[in-house]
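**Student:** Pasting a structure below so you can have a look.
Residue numbers (the UniProt record's numbering): 1 to 102.
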């Protein structure tokens, strides 16, 4: 996964949006799987950041899905885990469904 469109991973940002693939900045030492469960990886998100390799990826929906999984794992002992993650998930769900507001 060294030909990517956008990456903000481990403190390093690569932005190839709008460029032809032959002009992409190469990504070094990005040790992520090329395939998962038999499918080509189009994007990856984790605590370390975000990597997008396919321009068809809906980044908002990916973030929504990720935060929903985070909310399932939050122990609920702090305000951020108990309320904050749930609020973020609700906001991303509204945006993903086209009902976001300023």
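For glycine and all other residues, C-beta sits at the position ideal for the given N, C-alpha and C. Just so you know, these numbers come straight off a predicted model, no measurement behind them.
(1) I'd like to know whether the C-beta atoms of residue 6 and residue 17 end up nearer to each other than 7 Å.
(2) Considering residue 3, what are the terminal residues of the alpha helix (DSSP H) in which it resides?
(3) So, with DSSP's three-state summary, where would you put residue 76?
(4) How long is the line joining the alpha carbons of residue 13 and residue 48, rounded to whole angstroms?
(5) Does DSSP put residue 18 in a helix, in a strand, or in coil?
**Tutor:** By the coordinates alone:
(1) The residue you call residue 6 lines up with position 6 of the chain shown. The residue you call residue 17 lines up with position 17 of the chain shown. In this structure, residue 17 lies closer than 7 Å to residue 6 by Cβ.
(2) Taking the first residue of the chain shown as 1, we reach residue 3 at position 3. Segment: none, residue 3 is in no alpha helix (DSSP H) and carries neither H nor E.
(3) Here residue 76 refers to the residue found at position 76 of the chain shown. Looking at residue 76 - three-state DSSP - the assignment turns out to be coil, as it is neither helix nor strand.
(4) Locating residue 13 in the chain shown gives position 13, where the first residue counts as 1. Locating residue 48 in the chain shown gives position 48, where the first residue counts as 1. Going by the C-alpha atoms only, they are around 12 Å apart.
(5) For the purposes of this step, residue 18 is taken as residue 18 along the chain shown, with counting starting at 1. Coil.
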